[in-house]
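Engineer: Sharing a structure below in structure tokens format, with a few things to ask.
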Amino acid sequence: MKVLKEESAEGLGMISLSGSAALAPEVHKAIEEKTGSLVGEGYGLSEFAPITHTPSFISMVRPIFGSVETVSKILSLGNKIIDLPGVADLLNHFLLGIGADRFGILFNTIISFASRNIIATPEGRKKELVGSIGIPSVDLSVKIINEDTGETIPISRVVQEGLRGEMCLDAPWKMLGYWPDVGSGMDEEGYVHTGDVVTIDEWGHFYVVDRTKDMVNVSGYKVYTREIDDLLYEYPGVDEAAVIGVPDPDRPGSERVKAFIVLKPEYRGKVKEEDIIRYLKEKVPPYAVPKFVEFRDEELPKTTVDKIFKKKLREDEIDSMKDKGLLK
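In this text, residue positions in the sequence shown follow our numbering: the first is 5, and each later residue adds one.
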């Protein structure tokens, strides 16, 4: 993010892939504005190959052509042309003739032009699948389970009813188990539980909405903290944001929602707790609105891979509540 603020990457014009960590909306927007590129997020975990989900080619180029139907028609027409006698050989000789370097330059020029003139427009961005990790890789089996009951939710219901659940994966190329126990780390069906809560759209694209360990239980209602994090990043002046659940002293077994925010220097002292709460009341259900908002001047604690360390925030908050006599 610092590089995006200080350096110019205009004209990069490539279709970019994001991995490692979820891409915050603010960063996604900054990359688009600075480069004119289209950004797609992928997904992977160490128990499998590096990548288990990637954006489909159709979803990546959809902003250029306007709709999935248009892209499908173009690909279908292209396939028919290549199937004509001699066309495949002619294309192969042409590509070998220009070489990989020249083809890369040609491809990048086309994408760069489309990025600056089509993708970078407001209408182009509306068609982009922001926040999607894409579709499952070949031979990857997916099941979605209810986080409370452990029961499998049919994929059709997840899509049609907009349900959410933990994503579990299986594939011929998964791990054998956690050393030294072969078969460990999997359920009785052989699936690895990712700990990520997902939803799926009508085109089969997956969206990670939260981690199971980061969900907040407010009197039986689930609050997906990542969704609120993303909303906070859209609020003017927010540099870092993290939402956690803390025990509710008045209702054993329930939690309260608390937000931690680091403001950009020029906004400090200008944005108040009531501003944030008022903003979120217009965006989320009443039970998901934070009861407390804490502003910090220093950056939020990070893990070794530079993700915001929500577990540390929660542990520190519980210790503070115990010191105040609010918890035993």
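The beta-carbon is built from N, C-alpha and C at its ideal position, and this holds for glycine as well.
#1: Helix, strand or coil: which one does DSSP assign to Asn96?
#2: Per the contact definition of three or more C-beta pairs closer than 8 Å, is the segment 289-303 in contact with the segment 251-267?
#3: Is it the case that the segment 156-176 contacts the segment 201-208, given that we only count it when at least three CB pairs across the two stretches are under 8 Å?
#4: Just list the residues that DSSP pairs Asp214 with in beta bridges.
#5: I need the DSSP call for Val163, collapsed to helix, strand or coil.
#6: Work out the CA separation of Asp174 and Leu144 for me, nearest whole Å.
#7: If you check the beta carbons only, do Ile157 and Met171 fall under 8 Å apart?
#8: What does DSSP give as the partner residue(s) for Leu267 in the beta ladder?
#9: Quick one: using the 10 Å Cβ neighbour count with 16 as the cut-off for buried, is Thr58 buried or exposed?
#10: Does the separation of the CB atoms of Val250 and Ile159 fall below 8 Å?
#11: Give the secondary structure of Pro54 by DSSP, where H, G and I count as helix, E and B as strand, and everything else as coil.
#12: Ordered along the chain, which non-local residues of its own chain (more than five positions away) have a Cβ less than 8 Å from that of Met219?
#13: What is the residue span of the beta strand (DSSP E) that Tyr225 lies within?
#14: For Tyr47, count the other beta carbons within 10 Å of its own beta carbon; 16 or more makes it buried, fewer makes it exposed. Which is it?
#15: With H, G and I counted as helix, E and B as strand and the rest as coil, what does DSSP make of Val288?
#16: With DSSP as the reference, please indicate the residues paired to Phe296 in a beta bridge.
#17: Since Ile322 is in the alpha helix (DSSP H), which residue starts that stretch and which ends it?
#18: Once you ignore the five residues that flank Lys194 on each side, which residues in its own chain have a CB closer than 7 Å to its CB?
#19: DSSP has Pro251 in a bridge; who is on the other side?
#20: Would a C-beta distance cut-off of 8 Å place Leu235 and Lys287 closer than the cut-off?
#21: With DSSP run on the structure shown, which of helix, strand or coil describes Ala124?
#22: If you run the structure through DSSP and keep just helix, strand and coil, what is Val186?
#23: Grab me the residues of Asp185's own chain with a C-beta within less than 7 Å of its C-beta, minus the 5 sequence neighbours each way, in chain order.
#24: Are Val247 and Glu51 touching if we call contact CB-CB under 8 Å?
#25: Buried or exposed: Ala245, going by 16 or more other Cβ atoms within 10 Å of its Cβ?
#26: State the Cα-Cα distance for the pair Gly224 and Thr153, rounded to the nearest angstrom.
Structural biologist: This is what the structure gives:
#1: Translated into the one-based positions of the sequence shown, residue 96 becomes position 92. In the structure shown, Asn96 sits in a helix (DSSP, three-state: H, G or I).
#2: yes
#3: yes
#4: Position 210 of the sequence shown, counted from the start, is the residue given in the question as residue 214. BP columns for Asp214 point to Val201.
#5: Mapped onto the sequence shown, residue 163 falls at position 159. Val163 sits in a helix when the DSSP states are folded into three classes.
#6: Within the sequence shown, residue 144 is the residue found at index 140, counting from 1. Within the sequence shown, residue 174 is the residue found at index 170, counting from 1. Going from the Cα of Leu144 to the Cα of Asp174 covers about 6 Å.
#7: Mapped onto the sequence shown, residue 157 falls at position 153. Mapped onto the sequence shown, residue 171 falls at position 167. Against a cut-off of 8 Å, the Cβ pair of Met171 and Ile157 comes out as no contact.
#8: As a first step, residue 267 is located in the sequence shown; it is residue number 263 there, counting from the start. Beta-bridge pairing links Leu267 to Val242.
#9: As a working mapping, residue 58 is identified with position 54 in the sequence shown. Buried, by the Cβ-count rule.
#10: Here residue 250 corresponds to residue number 246 of the sequence shown, with the count starting at 1. Here residue 159 corresponds to residue number 155 of the sequence shown, with the count starting at 1. It is not a contact, given that the beta carbons lie outside the stated cut-off.
#11: On the sequence shown, position 50 is the one that residue 54 refers to. Here Pro54 sits in coil by DSSP.
#12: For the purposes of this step, residue 219 is identified with residue 215 of the sequence shown, where counting begins at 1. Contacts found: Glu151, Val201, Lys226, Val227, Tyr228, Thr229 and Gly249.
#13: Taking the sequence shown and counting its residues from 1, the one referred to as residue 225 is at position 221. Looking at the DSSP string, the run of the beta strand (DSSP E) that includes Tyr225 is Tyr225 to Val227.
#14: As a working note, residue 47 is residue 43 in the sequence shown. The C-beta of Tyr47 has 16 or more other C-beta atoms within 10 Å across all chains shown, which makes the residue buried.
#15: Position 284 of the sequence shown, counting from 1, holds the residue named residue 288. Correct three-state label for Val288: coil.
#16: Counting from 1 along the sequence shown, the entry for residue 296 is found at position 292. DSSP output for Phe296 lists Lys262 as bridge partner(s).
#17: Your numbering for residue 322 matches position 318 in the sequence shown. Unbroken alpha helix (DSSP H) run through Ile322: Lys314 to Asp327.
#18: As a first step, residue 194 must be located in the sequence shown, where it is residue number 190. Strictly speaking, residue 194 in this sequence is Gly, with Lys absent from that position. Excluding five sequence positions before and after Gly194, the CB atoms of its chain that fall closer than 7 Å to its own CB belong to Asp174, given in chain order.
#19: Counting from one through the sequence shown, the residue named residue 251 turns up at place 247. Note: Pro251 sits in a beta bridge opposite Glu259.
#20: The count along the sequence shown starts at 1 and reaches residue 235 at position 231. The count along the sequence shown starts at 1 and reaches residue 287 at position 283. Contact: yes.
#21: On the sequence shown, position 120 is the one that residue 124 refers to. Here Ala124 scores only 47 on pLDDT, less than 50, and its place in the model should not be relied on; the value that follows carries that caveat. Three-state result, Ala124: coil.
#22: Counting from one through the sequence shown, the residue named residue 186 turns up at place 182. DSSP places Val186 in coil when its eight states are reduced to three.
#23: Walking along the sequence shown from the start, residue 185 turns up at place 181. The answer is none, since no qualifying residue turns up.
#24: As a working note, residue 247 is residue 243 in the sequence shown. As a working note, residue 51 is residue 47 in the sequence shown. No, the pair does not count as a contact, with Cβ atoms beyond the cut-off.
#25: Sequence index remark: in the sequence shown, residue 245 carries index 241 (1-based). That one is buried.
#26: Stepping through the sequence shown from its first residue, residue 224 is reached at position 220. Stepping through the sequence shown from its first residue, residue 153 is reached at position 149. So the two alpha carbons sit approximately 13 Å from each other.
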